[in-house]
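Chemist: Sharing a structure here in structure tokens format.
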Ligand code: AMP
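Numbering (the numbering used here), first residue to last: 364 to 646.
What follows is the structure, encoded as structure tokens:
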């Protein structure tokens, strides 16, 4: 059975002698409700490191006031089983008080367009919460490598910037999007979807794939690619588009008329009250 620690001290006491022996440590930060996407991050870490630490923490500071912090699924017992099966060694499941011990806040914030476009537009405090909690986890664990999913493509770009600017001494390992057989990107929030919404949501991966095919066959005009993607998604009556946008990689730089590869084509779309994100790299 996977060991589970709830305090920083317990986890550090566990890691200290192992690190002294020169063991490498992989960190997989998650918010729990673990699925096959998370399991892939964990098994990649287990392959590449001596010890894999999986954090399970629904981080309050990355949720806006009207978002789903309270409703977010919390399934620690099932999560421990997923971690064990995927080859993880320990789970770190702290309380909010353990992670935020002071009454006032200390923030780690990446500024500039990279946190203002895409999800940053409607979730203005989200990335500040992510970079703050991930910095804390990096300082608590001191990992050799940290694992994140391409599913949250903007998060990846923001964290790359943070690691560079803050001189975090670790390697970021990015894992491709894990999808259901239907193509739907796996997400803890998929549990909110009705059966009808779930099959409607397949439109996202289907359309992104078609947009990539169009791009590869020579359609590289920014407006054309975006309007094709919007039009195709809008054909699905249950889809309510928040954004369809495309930015240059690395760093999410603004594109002019033409898309220069590699670029990120990203969407956020609501199905009922559930907001889903998906993306594809045009290259
Ligand atoms: P979350 O628990 O949603 O915060 O996700 C924790 C980590 O798992 C993040 O780095 C996510 O990008 C990654 N992740 C979540 N879903 C997937 C997926 N379908 N494929 C790959 N990585 C994922």
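Cβ coordinates follow ideal geometry from the N, Cα and C atoms, glycine included.
Out of 505, 540 and 561, state which residue places its alpha-carbon closest to the alpha-carbon of residue 383.
Modeler: Nearest option by C-alpha distance: 505.
Chemist: For chain D, is any of its Cβ atoms less than 8 angstroms away from the one on residue 417?
Modeler: Of the chains in the structure shown, none is chain D; there is only one protein chain.
Chemist: What are the start and end residues of the alpha helix (DSSP H) that includes residue 407?
Modeler: Where residue 407 is concerned, the enclosing alpha helix (DSSP H) stretches over 399-411.
Chemist: What whole-angstrom Cβ distance do residue 424 and residue 495 have, given they're in contact under 8 angstroms?
Modeler: That belief holds up - the Cβ atoms of residue 424 and residue 495 are roughly 6 angstroms apart, short of 8 angstroms.
Chemist: Measuring CA to CA, which of 637, 562 and 412 is closest to residue 509?
Modeler: Minimum Cα distance to residue 509 is reached at 412.
Chemist: Suppose you measure from the CA of residue 571 to the CA of residue 465; what does that come to, to the nearest Å?
Modeler: Those two C-alpha atoms are separated by around 43 angstroms.
Chemist: Identify which residue in 589, 372 and 561 has its Cα closest to the Cα of residue 461.
Modeler: Closest option to residue 461, Cα to Cα, is 372.
Chemist: With residue 540 and residue 513 assumed to form a contact (beta carbons below 8 angstroms), what rounded beta-carbon distance in angstroms separates them?
Modeler: Confirmed, Cβ separation roughly 5 angstroms.
Chemist: For the ligand AMP, is there a heavy atom less than 7 angstroms away from the beta-carbon of residue 623?
Modeler: Incorrect: residue 623 has no Cβ contact closer than 7 angstroms to the ligand AMP.
Chemist: Of all the beta strand (DSSP E) runs that stay within the bounds of the region 375-401, which reach a length of 3 or more residues?
Modeler: List check, beta strand (DSSP E) in window: 388-393.
Chemist: Using DSSP's beta-bridge definition, name the partner residues of residue 609.
Modeler: The partner list for residue 609 (beta bridge, DSSP) reads 628.
Chemist: Taking 7 angstroms as the cut-off, does the CB of residue 392 come closer than this to any heavy atom belonging to the ligand AMP?
Modeler: Within the cutoff, so yes.
Chemist: Along the chain, where does the beta strand (DSSP E) containing residue 640 start, and where does it finish?
Modeler: Run containing residue 640: 637-645, per the beta strand (DSSP E) assignment.
Chemist: Taking 8 angstroms as the threshold (C-beta atoms), are residue 437 and residue 395 in contact?
Modeler: Yes, Cβ-Cβ distance for residue 395 and residue 437 is below 8 angstroms.
Chemist: One question on the structure: do residue 618 and residue 611 come within less than 8 angstroms of each other, judged by their Cβ atoms?
Modeler: A contact, by the Cβ cut-off of 8 angstroms.
Chemist: So, at 7 angstroms on beta carbons, what are the nonlocal neighbours of residue 459 in its own chain, with the 5 sequence-adjacent residues on each side left out?
Modeler: Result list for residue 459: 423, in chain order.
Chemist: Drop a sphere of 10 angstroms on the beta-carbon of residue 482, count the other beta-carbons inside from all chains shown, and report buried for 16 or more, exposed for fewer.
Modeler: Residue 482 is buried by the Cβ-count criterion.
Chemist: Going by DSSP, what residue range makes up the beta strand (DSSP E) through residue 439?
Modeler: Counting along the chain, residue 439 falls outside any beta strand (DSSP E), though it belongs to the alpha helix (DSSP H) covering 439-449.
Chemist: So residue 562 is in the beta strand (DSSP E); what residue range does that whole segment cover?
Modeler: Looking at the DSSP string, residue 562 is not in any beta strand (DSSP E); the run it does join, the alpha helix (DSSP H), is 558-563.
Chemist: Using a threshold of 8 angstroms, state whether the C-beta atoms of residue 562 and residue 542 are closer than that.
Modeler: Not a contact, by the Cβ cut-off of 8 angstroms.
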